[in-house]
Amino acid sequence: MPLTREAADAFGVATITLFAIFAVLGLFCIFQSIYFRFRIRRGAFIPLGYFNGPWVTRIVLILITIWWGVGEIVRLSFLKRKLFSSILLQKGVCDAYILSNLGFAEPSIFFAFAFLLHGSLQKRELGTLNQRWNWKTIGYMLVFCVPVFFVQALLVFVGPTFVKDENNTHGRKKIAKYFIRTSMPVGDTNICTYPLFGTIFLGLIDAILMSYVSYVGSRVLSLVINKALRRRVSLLMLSVLFFLPIRVLLLGFSVLPQPGDVAFEVIIFLSFLMMISCTTVGVLLLVYYPVADSLALREIGQREITEMVPYDDYYYEGASLVANQSFREIERNSDTSTKRGSISFRTMIREDQLQQDGVDEIGFSSRSGAHIGSPSPSGSSPSAAMPMLPLKEVPRY
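For the record, in the sequence shown the residue sitting at position 135 is 135 according to UniProt numbering, with numbers rising by one throughout.
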């Protein structure tokens with residue numbers, strides 16, 4: 001059924017509204033992370049400095065998600081009609097949208113999710129969560145996006161030469177348009193479409209990422225004993241495993257209806273809804289709650305933390321990837337600790353894991369409720385391995 005202009009505008013307004021809400025949340029998270037970093041550098045939050053280690057990666061994640069949302073807004077038909085009167089320019093916008101969103105932004109978001117989650121399980125000796133780790137992580141995100149971007153670029157620039165010519169029944173057989181078509185003119189508007197080849201390749205990448213997130217998440221769940229933290233990890237895993245496949249399936253089914261029909265617009269809007277829902281959950285769990293809980297931790301247990309922080313932790317850029325609650329071991333099992341929940345995927349390790357690990361010793365520290373350190377001599381205590389200094393004797397930076 002052909003879509004009326006009013007109905008198309010309604011889908012566009014709903015898309016813009018959802019993105020505006022998400023953009024406000026993202027900008028607030030950026031401000032929150034920068035504020036936390038500023039207070040740490042000023043010396044006010046020195047005992048919590050290790051909580052904000054992955055702040056650069058978090059900000060980059062939010063900026064990429066906002067970039068993705070801008071692309072979703074620009075592709076809207078009623079905006080293209082107002083901003084670009086030429087059909088050729090509108091086609092160029094659709095090509096740029098495929099390269100930007102499907103070739104770069106969307107895979108980068110989920111690569112960032114995977115790297116942030118994996119960082120919580122890495123060994124301290126590898127330099128996890130310091131500034132070098134942040135820049136290496138961002139570099140890996142860009143490198144891993146190259147194959148996806150390359151495939152989408154082939155579809156945009158080379159694909160049209162393989163489109164089936166309906167007026168030519170002789171010569172070499174070519175593929176159908178919907179496999180590589182990025183736009184289709186309908187009236188005075190070029191409607192952006194999703195090439196099926198690009199969707200299939202994006203689905204393969206998403207399947208790899210879902211498997212990896214499931215693997216890392218299951219490892220985290222096997223170590224964590226805090227119920228609130230387990231709920232957060234489970235929610236992150238379920239959001240990736242639920243929203244991502246549905247989005248890919250919807251993009252694949254979008255080639256069935258005619259572009260401009262009600263069914264087409266509904267499918268595209270639902271796919272956008274799946275993506276922004278998954279992204280919102282990830283940003284809340286990996287960016288907002290870590291910093292918010294760290295700031296709350298200063299009010300609740302700052303005195304206890306300052307008494308526990310080892311000397312070398314003051315010189316360490318960051319610890320938990322999703323900064324943790326880091327209360328003392330006796331406080332972890334209390335009702336208050338359970339209600340507040342942990343803010344790190346490295347917070348609490350099951351006691352039986354301490355006996356199962358034959359290579360590295362897992363010890364509790366205020367830097368990351370649990371960290372993986374080098375083996376210590378038998379019978380040595382954590383305090384002997386990590387000398388403690390009063391806060392007044394620790395240089396401020």
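Quick reminder that beta carbons are idealized off the backbone N, C-alpha and C, glycines included.
### Task
State the start and end residues of the unbroken beta strand (DSSP E) segment that holds Ile191.
Your numbering for residue 191 matches position 191 in the sequence shown. Element bounds for Ile191: Thr189 to Cys192.
### Query
When burial is assigned at 16 or more other CB atoms within 10 Å of the CB, is Ala105 buried or exposed?
As a working mapping, residue 105 is identified with position 105 in the sequence shown. Counting every other CB atom within 10 Å of its CB across the protein chains shown gives Ala105 a total of 16 or more, marking it as buried.
### Message
With three or more beta-carbon pairs closer than 8 Å as the criterion, would you say the region 217-234 touches the region 141-155?
### Response
No, the region 217-234 is not in contact with the region 141-155.
### Message
Please state the DSSP three-state secondary structure of Pro185.
### Response
Taking the first residue of the sequence shown as 1, we reach residue 185 at position 185. Residue state for Pro185 is assigned as strand, using DSSP reduced to three classes.
### Task
Output the boundary residues of the alpha helix (DSSP H) element that contains Gln90.
Taking the first residue of the sequence shown as 1, we reach residue 90 at position 90. Residue range Ile87 to Tyr97 is occupied by the alpha helix (DSSP H) that includes Gln90.
### Query
Leaving out the 5 sequence neighbours to the left and right, which residues in its chain are closer than 7 Å to Phe78 when beta-carbon positions are compared?
Position 78 of the sequence shown, counting from 1, holds the residue named residue 78. Within the same chain, Phe78 has close Cβ partners Ala8, Asp9 and Gly12.
### Task
Flag Val163 as yes if its beta-carbon sits less than 8 Å from any beta-carbon of chain B, otherwise no.
Among the chains in the structure shown there is no chain B, since it carries only a single protein chain.
### Query
So what's Ile180 in DSSP terms, helix, strand or just coil?
Locating residue 180 in the sequence shown gives position 180, counting from the first residue. Reduced to three states, the DSSP call for Ile180 is coil.
### Task
Identify which residue in Lys91, Ile66 and Asp95 has its Cα closest to the Cα of Val186.
Your numbering for residue 186 matches position 186 in the sequence shown. Of all alpha-carbon atoms in Lys91, Ile66 and Asp95, the one lying nearest the alpha-carbon of Val186 is that of Lys91.
### Query
Between the C-alpha atoms of Val74 and Trp133, what's the straight-line distance to the nearest angstrom?
On the sequence shown, position 74 is the one that residue 74 refers to. On the sequence shown, position 133 is the one that residue 133 refers to. Answer to the nearest angstrom: the Cα atoms are 34 Å apart.
### Task
Take Ile175 as the anchor and find which of Pro195, Ser100, Met184 and Thr279 has the nearest alpha-carbon.
Taking the sequence shown and counting its residues from 1, one reaches residue 175 at position 175. With distances taken between Cα atoms, Ile175 lies closest to Pro195.
### Message
Given this structure, state the Cα-to-Cα distance separating Pro147 from Phe201, to the nearest angstrom.
### Response
Translated into positions along the sequence shown, residue 147 becomes position 147. Translated into positions along the sequence shown, residue 201 becomes position 201. Near 10 Å, if we compare the C-alpha coordinates of Phe201 and Pro147.
### Task
Could you tell me whether the region 227-247 touches the region 131-145, where touching means 3 or more Cβ pairs closer than 8 Å?
The region 227-247 vs the region 131-145: no contact.
### Query
Are the beta-carbon atoms belonging to Arg219 and Leu102 less than 8 Å from one another?
As a working mapping, residue 219 is identified with position 219 in the sequence shown. As a working mapping, residue 102 is identified with position 102 in the sequence shown. Not a contact, by the Cβ cut-off of 8 Å.
### Query
Any idea if Ala114 is buried or exposed, counting beta-carbon neighbours within 10 angstroms, 16 or more meaning buried?
Start at 1 with the first residue of the sequence shown, and residue 114 comes out as number 114. Classification for Ala114: buried.
### Message
Buried or exposed for residue 462, going by 16 or more other Cβ atoms inside 10 Å?
### Response
Because the chain in this structure spans residues 1 to 397, residue 462 falls outside the shown range and cannot be described.
### Task
Please report the Cβ distance between Val283 and Leu25, rounded to the nearest whole angstrom; I am assuming they are in contact, meaning their Cβ atoms lie under 8 Å.
As a position in the sequence shown, residue 283 is number 283, starting the count at 1. As a position in the sequence shown, residue 25 is number 25, starting the count at 1. Rounded to whole angstroms, the Cβ separation of Val283 and Leu25 is 7 Å, and the two are in contact under 8 Å.
### Message
Considering only their Cβ atoms, is the gap separating Met210 from Arg247 smaller than 8 Å?
### Response
The residue you call residue 247 lines up with position 247 of the sequence shown. The residue you call residue 210 lines up with position 210 of the sequence shown. No, the Cβ-Cβ distance between Arg247 and Met210 is not below 8 Å.
### Query
Exposed or buried, which one is Met348 when buried takes at least 16 other CB atoms within 10 Å?
Taking the first residue of the sequence shown as position 1, residue 348 is located at position 348. Its pLDDT being 42, under 50, Met348 is placed unreliably in this model, and the coordinates cannot settle the point.
### Query
When burial is assigned at 16 or more other CB atoms within 10 Å of the CB, is Thr57 buried or exposed?
Taking the first residue of the sequence shown as 1, we reach residue 57 at position 57. Answer is buried; the Cβ neighbour count reaches 16.
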